[in-house]
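In our numbering, the protein residues as written are 4 to 387. Quick reminder that beta carbons are idealized off the backbone N, C-alpha and C, glycines included. Please read all numbers here as calculations on a predicted model, not as lab measurements. For reference, the structure is listed below as structure tokens.
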Ligand SMILES: Cc1cc2nc3c(=O)[nH]c(=O)nc-3n(C[C@H](O)[C@H](O)[C@H](O)COP(=O)(O)OP(=O)(O)OC[C@H]3O[C@@H](n4cnc5c(N)ncnc54)[C@H](O)[C@@H]3O)c2cc1C
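In structure tokens, the structure reads:
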């Protein structure tokens with residue numbers, strides 16, 4: 004069993020570290036968070052570096068990288084900020100859905116625009132009455148000639164308000180059918196007539212932002228349906244697994260940043276004439292944090308390796324998502340404790356990791372639903 008990354012993977016990782024050091028210094032991250040502003044120039048730097056191309060095959064202009072390669076990139080982006088990296092993840096996950104489920108014409112239309120940075124993608128699943136219970140979505144699209152007329156509301160849509168964002172919306176097209184059959188995936192520009200948005204005031208992830216989106220008689224060309232009418236559930240499920248696998252690496256990146264910050268602080272902070280890290284209470288917290296982080300990375304790299312091999316990895320992906328999201332939030336809490344009052348001050352970054360980490364056990368499936376899924380895979384019976 005070989006646990007090392009290849010030379011190419013290490014080079015890729017190194018290039019992302021350098022890019023982020025240049026384009027996303029700490030001071031800028033604090034400012035973007037404070038002003039709730041998304042750095043479009045950072046996104047363009049990712050585009051220019053070819054990062055958006057990574058997981059797409061060469062025949063559509065991509066670089067043919069594996070899920071594991073992509074996970075390494077997301078790990079490094081998230082080590083800097085799990086907030087700003089969400090715009091990268093959202094675009095990639097939705098783009099891969101278009102690749103998997105789109106027609107040749109749809110791929111030829113959308114993928115180059117995404118890879119060239121002309122558009123971004125975001126995911127519009129959740130609604131006020133449909134969170135964990137995704138099948139309960141109400142947004143409705145009715146066919147009218149060669150267009151669909153969309154009415155309804157999405158909630159928590161990350162990145163919906165960014166420049167040239169296309170909302171990959173999941174809508175009902177047949178209210179009578181079971182949601183596995185009556186749901187459709189349709190692409191809606193965020194500036195189409197009838198689309199209105201409001202950036203929500205959230206605890207964390209304030210730069211990319213989480214939006215409430217309203218659709219009022221939005222007229223969308225029918226050739227923007229991906230996966231066929233009624234094919235939404237398949238798109239959603241395939242996309243979510245990949246998203247959970249790769250974003251587990253983001254949780255590890257965030258947790259790594261916390262361990263590094265807390266360790267440096269514990270070495271330098273002197274109380275009672277000695278570094279606080281020399282007190283067993285603090286040293287053991289750090290030892291536990293590092294141990295859990297290594298366990299989280301192992302689950303994450305394994306899940307992404309399996310995905311890279313094209314193997315079924317639902318169970319392993321769920322282990323990684325559940326463990327790393329809870330670990331990230333727990334580490335942030337411990338990081339604040341280790342830094343005392345400084346941990347809560349905006350000039351010391353730990354509080355930003357605390358705020359940004361909190362949503363990871365909720366977004367892309369709550370911890371409870373991940374446990375339900377695992378229990379089901381273990382032969383227990385549950386409806387969700
Ligand atoms: C920061 C952030 C970003 C997000 N980004 C997006 C996005 O880009 N696009 C998008 O579509 N959505 C997004 N979401 C929405 C996210 O997917 C939902 O918040 C999540 O699925 C949970 O839904 P809910 O918040 O309505 O909670 P609910 O489903 O109402 O759950 C409330 C509580 O009940 C528990 N619960 C519910 N059902 C069960 C059950 N069967 N068994 C046990 N416990 C259960 C949950 O675990 C939770 O603890 C985002 C959310 C956040 C916080």
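Practice prompt. Kindly indicate which three-state DSSP category residue 151 falls into: helix, strand or coil?
Written response: The sequence position of residue 151 within the chain shown is 148, counting from 1. Residue 151 falls in the strand class under three-state DSSP.
Worksheet entry | Rounded straight-line distance, which links the Cα of residue 218 to that of residue 200 | As a working mapping, residue 200 is identified with position 197 in the chain shown. As a working mapping, residue 218 is identified with position 215 in the chain shown. When rounded, the distance between both Cα atoms is 9 Å.
Practice prompt. Compute every distance between the C-beta of residue 156 and the non-hydrogen atoms of ligand 1, then say whether any falls below 8 Å.
Written response: What you label residue 156 is simply residue 153 of the chain shown in a count that begins at 1. Not under cutoff, so the answer is no.
Discussion item. Looking at residue 253: is its Cβ nearer than 9 Å to the Cβ of residue 77?
Written reply: Taking the first residue of the chain shown as 1, we reach residue 253 at position 250. Taking the first residue of the chain shown as 1, we reach residue 77 at position 74. Going by C-beta atoms, residue 253 is nearer than 9 Å to residue 77.
Worksheet item: Which value, in whole angstroms, describes the spacing of the CA atoms of residue 296 and residue 290?
Response: Here residue 296 is taken as the residue at index 293 of the chain shown, counted from 1. Here residue 290 is taken as the residue at index 287 of the chain shown, counted from 1. Between residue 296 and residue 290, the C-alpha separation is close to 10 Å.
Worksheet entry | For residue 136, the three-state DSSP class (helix, strand or coil) | In the chain shown, residue 136 corresponds to position 133, counting from 1. Of the three classes helix, strand and coil, the one that applies to residue 136 here is coil, per DSSP.
Discussion item. Just verifying my parser: in three-state terms, what is the DSSP assignment at residue 15?
Written reply: Position 12 of the chain shown, counted from the start, is the residue given in the question as residue 15. Helix, per DSSP.
Discussion item. With a threshold of 8 Å (Cβ to nearest heavy atom), would residue 379 be considered close to ligand 1?
Written reply: Looking up residue 379 in the chain shown gives position 376. Flag unset: Cβ of residue 379 not near ligand 1.
Item to complete: Could you pull out every unbroken beta strand (DSSP E) segment of at least 3 residues lying fully inside the stretch 166-191, listed in chain order?
Response: 168-175
Fill in: Member of 9, 263 and 223 whose CA lies at the smallest distance from the CA of residue 148
Reading the chain shown from its first residue, position 145 is the one you call residue 148. Comparing Cα positions, the closest option is 223.
Worksheet item: In the DSSP assignment, what are the bridge partners of residue 125?
Response: Counting from 1 along the chain shown, the entry for residue 125 is found at position 122. Residue 125 is bridged to 170.
Discussion item. Which residues does DSSP list as the beta-bridge partners of residue 200?
Written reply: Working through the chain shown from its first residue, we reach residue 200 at position 197. Partner(s): 216.
Discussion item. Considering only heavy atoms of ligand 1, does any lie closer than 8 Å to the CB of residue 47?
Written reply: Translated into positions along the chain shown, residue 47 becomes position 44. No, since every heavy atom of ligand 1 falls outside the 8 Å radius drawn around the Cβ of residue 47.
Fill in: Supposed contact pair residue 259 and residue 82 - C-beta distance, whole angstroms, cut 8 Å
In the chain shown, residue 82 corresponds to position 79, counting from 1. In the chain shown, residue 259 corresponds to position 256, counting from 1. Residue 82 to residue 259, Cβ: 5 Å. Contact.
Discussion item. Could you check whether residue 187 and residue 255 sit closer than 9 Å to each other, using their CB atoms as the reference points?
Written reply: To locate residue 255, count along the chain shown from 1; it is residue 252. To locate residue 187, count along the chain shown from 1; it is residue 184. Not in contact: residue 255 and residue 187 (Cβ atoms no closer than 9 Å).
Discussion item. For residue 273, list the residues DSSP reports as bridge partners.
Written reply: Along the chain shown, one-based indexing puts residue 273 at 270. Partner(s): 278.
Practice prompt. Assuming residue 311 and residue 71 form a contact by the criterion Cβ under 8 Å, report the distance between their Cβ atoms to the nearest whole angstrom.
Written response: As a first step, residue 311 is located in the chain shown; it is residue number 308 there, counting from the start. As a first step, residue 71 is located in the chain shown; it is residue number 68 there, counting from the start. At roughly 5 Å, the Cβ-Cβ gap stays under 8 Å, so residue 311 and residue 71 are in contact.
Fill in: Residue nearest to residue 80 in terms of C-alpha spacing, selected from 342, 46, 203 and 232
The residue labelled residue 80 in the question sits at position 77 within the chain shown. Closest by alpha carbon: 46.
Practice prompt. Would you mind reading off the limits of the alpha helix (DSSP H) that contains residue 383?
Written response: By one-based count along the chain shown, residue 383 stands at place 380. Segment: none, residue 383 is in no alpha helix (DSSP H) and carries neither H nor E.
Item to complete: To the nearest angstrom, report how far apart residue 282 and residue 348 are at their CA atoms.
Response: Indexing the chain shown from 1 puts residue 282 at position 279. Indexing the chain shown from 1 puts residue 348 at position 345. If I take the Cα positions, the gap works out to 23 Å.
Worksheet entry | Environment of residue 209 [buried if 16+ CB atoms lie within 10 Å] | As a first step, residue 209 is located in the chain shown; it is residue number 206 there, counting from the start. Residue 209 is buried by the Cβ-count criterion.
Discussion item. I'd like to know if residue 80 contacts chain C, where contact means its C-beta is closer than 9 Å to some C-beta of that chain.
Written reply: Reference to chain C is not applicable here, since this structure consists of a single protein chain.
Item to complete: Determine the burial state of residue 196: buried for a count of at least 16 other Cβ atoms within 10 Å of its Cβ, exposed for fewer.
Response: Taking the first residue of the chain shown as position 1, residue 196 is located at position 193. With fewer than 16 other Cβ atoms within 10 Å, it is exposed.
Discussion item. Can you find the residues in the same chain that come closer than 7 Å, C-beta to C-beta, to residue 1, ignoring five residues on each side of it along the sequence?
Written reply: Since the first residue shown for the chain is 4 and the last is 387, residue 1 is missing from the structure and cannot be characterised.
Item to complete: Assign residue 354 to one of two classes, buried (16 or more other C-beta atoms within 10 Å of its C-beta) or exposed (fewer than that).
Response: Along the chain shown, one-based indexing puts residue 354 at 351. With 16 or more other Cβ atoms within 10 Å, it is buried.
Worksheet entry | Option in 85, 59, 170 and 142 with minimal Cα separation from residue 115 | Here residue 115 is taken as the residue at index 112 of the chain shown, counted from 1. Among 85, 59, 170 and 142, the Cα nearest to that of residue 115 is on 59.
Discussion item. Would the stretch 130-148 count as touching the stretch 91-99 if we require 3 or more Cβ pairs under 8 Å?
Written reply: no
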